[in-house]
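Colleague:
Residue numbers (the numbering used here), protein chains in the order written: chain A, 42 to 171; chain B, 347 to 451.
1. With a cut-off of 8 Å, does the C-beta of residue 163 of chain A fall near any C-beta of chain B?
2. Got a sec: which bits of the region 347-370 of chain B sit with their beta carbon under 7 Å from any beta carbon on chain A, in order along the chain?
3. Please report whether the beta-carbon of residue 419 of chain B lies at a distance below 8 Å from any beta-carbon of chain A.
4. For residue 446 of chain B, I'd like the list of residues in its chain whose CB is within less than 8 Å of its CB, leaving aside the five on either flank, ordered along the chain.
5. So, helix, strand or coil for residue 149 of chain A, using DSSP?
6. Applying the 10 Å Cβ sphere with the 16-neighbour rule, what's the burial state of residue 443 of chain B?
7. Applying the 10 Å Cβ sphere with the 16-neighbour rule, what's the burial state of residue 163 of chain A?
8. Could you tell me which whole alpha helix (DSSP H) segments of length 4 or greater appear in the region 349-398 of chain B?
9. For residue 379 of chain B, go through chain A and note every residue whose CB falls closer than 7 Å to its CB, in chain order.
10. Please list the terminal residues of the continuous beta strand (DSSP E) segment that includes residue 423 of chain B.
Here it is as C-alpha cells:
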C-alpha cells in the first residue's frame, strides 16, 4: 500500500472521503464511495476498504428518502450489488479517488453496464473516444 | 464494522445516558497511506462539518461565522476516551465537559 494523499495528514471520513467519485486510470468512472470498511487490528481501528453500490448507500440515506432510491432502482433495472475495493488498490486520494485498473474493472457498476448497453442502441450514441 | 455504523449514531456518557451523536470520524494518515482512526467528532445535534474547522485558509467571513455558531458545542474525543462496540455503539469514558472543542485540537 502506497497511497498518495496529496500531503494530507488527517481526514474526516464523512466530509473528506464518503461520496467522493471513484475513478480508474484515465478518469474512467467506477462509482462513488458509499461506505467504508473498518477493521480492528492490534487494538487500533483501520480503514481497509471502500464500499460502493446503492445497496450500501441505502444504509446512510434517511428512512424518509429511501423511496427515491427505490424509484431509481426501478429505472436502472435493480439495485447495484455492494462492491469492495481494498485500500491496497487505491493510488491517489484527491478531490476524487483513483484506483488501479484491476480494481476499476472488478468494481464497475452492473447498473451502469446495463444502461450503457441500452444507450449504445440509440442511434448516434457511439463513444467518440473509441 | 462500517463507517455508516458510526456516523450519526448516538453517544452515551459514562453513566449510560445519551449525550450526543457522532458527526464525523477523524483518521490519521500513517506512512505508506494507512488510515488509522484517531477519534470522533461529536455534537449534541446531528450537524455535518463544513471543513472550516481544519483548514489553514479561512472561508468567506459570514460562512465561517455561521459555521462556528452551528458548531459552538462540537467536541472531539480521541480513541482513548471512547469505547466502540463491534456494531458501532459509542460510549464515552469521560464526561462531555472534559472533551475539547473541535477547534482546540
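For glycine and all other residues, C-beta sits at the position ideal for the given N, C-alpha and C. Keep in mind that this is a model prediction, so the values were computed, not measured.
Modeller: Result, derived from the coordinates:
1. Not an interface residue.
2. Of all residues in the region 347-370 of chain B, 347, 348, 349, 350, 353 and 370 have a Cβ within less than 7 Å of some Cβ in chain A.
3. no
4. 421 and 422
5. coil
6. exposed
7. exposed
8. Taking only runs of at least 4 residues, the alpha helix (DSSP H) segments lying wholly in the region 349-398 of chain B are 349-352.
9. 42, 43, 44 and 46
10. 421-424
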